[in-house]
Structure formats: C-alpha cells, structure tokens
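Trainee: Pasting in a structure now, in structure tokens, and then I'll have a few things to ask.
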Amino acid sequence: MGRGNAVFIGQHNLDVIRCADWIVDLSPKGGDRGGELIAQGTPEEVAQVAGSRLFPVF
C-alpha cells in the first residue's frame with residue numbers, strides 16, 4: 004500500500020471500518036433510490052456527520 008495503491012473494501016464489520024484510512028458512507032438503499040453520498044473522510048470525520056450510519060456507533 005505504500006506505493007500509492009488503493010484498495011476498496013465493502014465492509015460492515017466495525018473493527019475493520021475503524022482501521023480504515025478513508026471511509027465512503029453511501030445511502031442504504033440500492034438502485035434508483037440509492038447511491039447518495041452521506042459522508043466521506045477519516046473514521047473520526049465520518050463519525051461527526053449526523054446523517055451517517057456510523058454516527059451512532061463511534
């Protein structure tokens with residue numbers, strides 16, 4: 004990872020999410036009703052966004 008590479012992981016395990024460098028939190032719906040960007044940033048930044056699903060657990 005030190006060579007500027009990136010890895011995308013779709014994850015629901017909070018232990019893995021807490022270790023992430025960057026989180027993208029998308030709306031829970033799929034298809035035409037989904038894909039809305041709720042929050043992005045470090046775990047600490049995303050935890051401060053009231054609309055994020057991670058807000059209540061951090």
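Residue 50 in my numbering sits at position 47 of the sequence shown, and the numbers go up by one each step. Glycine is no exception: its CB is placed at the ideal position from the N, C-alpha and C atoms. All figures in this text were calculated on a predicted structure; none of them were measured in a lab.
1) Using only CA atoms, which one of Ala23, Glu39, Asp24 and Cys22 lies nearest to Ser30?
2) Going by C-alpha distance, which of Trp25, Arg21 and Glu48 is nearest Val10?
3) Exposed or buried, which one is Val49 when buried takes at least 16 other CB atoms within 10 Å?
4) Just the C-alpha distance for Val19 and Val27, rounded to the nearest angstrom, thanks.
5) Could you tell me if Ala53 is buried or exposed, where buried requires 16 or more neighbouring beta carbons within 10 angstroms of its beta carbon?
Mentor: So, from the data block:
1) Glu39
2) Comparing Cα positions, the closest option is Trp25.
3) Result: buried.
4) 13 angstroms
5) exposed
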